[in-house]
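**Student:** Below are the structure tokens for one structure; questions will follow.
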Ligand code: 4NP
């Protein structure tokens, strides 16, 4: 069976999307599902290309036993074809992805990450923590973990339906 390829996208690829990648991989390991998925993350801006994730994000994740080891990279055109589901962290990321999509197939793969969040209550953006304090990073962790669990449950339900 081919792997489901999922990609998380935020602005800088140093806070929200590398966290989502790490949390999703952590859940896969805990549930013995690593072979079923290929997980990646990118940013819509090139500003932090090649950098490690933000130290504040890594610190908060480590406090929850999650290791964030991704290096930032910028989305390329191939990414829209080489993934099955592309998860935008906020509306601005979503709009940029949609503008870059060339085909209806590419457009159809792009969804808002928090559309899977059972606690979203209509708030579909993962807040950008970059300019704020450590509390904002904890909030991002809570949202990302809750949403990744629901996303994995959703994808596994789809798979078992066959
Ligand atoms: P991210 O956070 O999109 O979650 O990686 C940000 C990181 C850097 C900047 C903005 C958001 N920045 O403006 O440099």
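Numbering (our numbering), first residue to last: 810 to 971.
For every residue, glycine included, the Cβ atom is placed at its ideal position computed from N, Cα and C.
#1: Is the beta carbon of residue 945 closer than 7 Å to that of residue 938?
#2: Are three or more beta carbon pairs between the segment 911-930 and the segment 842-855 nearer than 8 Å?
#3: Going by CA-CA distance only, name the one from 900, 966, 866 that's closest to residue 822.
#4: Can you find a heavy atom of the ligand 4NP that lies under 6 Å from the Cβ of residue 856?
#5: Report the three-state DSSP secondary structure of residue 898 (helix, strand or coil).
#6: What alpha helix (DSSP H) runs, 4 residues minimum, are completely inside the segment 878-959?
#7: Would residue 832 and residue 954 be called neighbours here (beta carbons separated by less than 7 Å)?
#8: Does the distance from the CB of residue 854 to the CB of residue 820 come in under 7 Å?
#9: Using a Cβ-Cβ cut-off of 6 Å (strictly less than) and excluding sequence neighbours within five positions of residue 952, which residues of its own chain qualify?
#10: Am I right that residue 837 and residue 870 are in contact with their C-beta atoms under 8 Å? What's the rounded C-beta distance?
#11: Answer with buried or exposed for residue 841, where buried requires no fewer than 16 other C-beta atoms within 10 angstroms of its C-beta.
#12: Closest to residue 857 by C-alpha separation, out of 957, 811, 950, 879, would be which residue?
#13: Could you compute how far the alpha carbon of residue 825 sits from the alpha carbon of residue 897?
**Tutor:** For this structure:
#1: Yes, the Cβ-Cβ distance between residue 938 and residue 945 is below 7 Å.
#2: Cβ pair count under 8 Å is below three, so no.
#3: That would be 866, whose Cα lies nearest to the Cα of residue 822.
#4: Yes.
#5: DSSP places residue 898 in coil when its eight states are reduced to three.
#6: The qualifying runs are 900-909, 913-918.
#7: In terms of Cβ geometry, residue 832 and residue 954 form a close pair [threshold 7 Å].
#8: Contact flag set, yes.
#9: The beta carbon of residue 952 is closer than 6 Å to those of 935 in its chain, skipping five residues each way along the sequence.
#10: Residue 837 to residue 870, Cβ: 16 Å. No contact.
#11: Burial is judged here by how many other beta carbons sit within 10 angstroms of a residue's own beta carbon; residue 841 has fewer than 16 and is exposed.
#12: The residue from 957, 811, 950, 879 with its alpha-carbon nearest to that of residue 857 is 879.
#13: Approximately 10 Å, taken between the alpha carbons.
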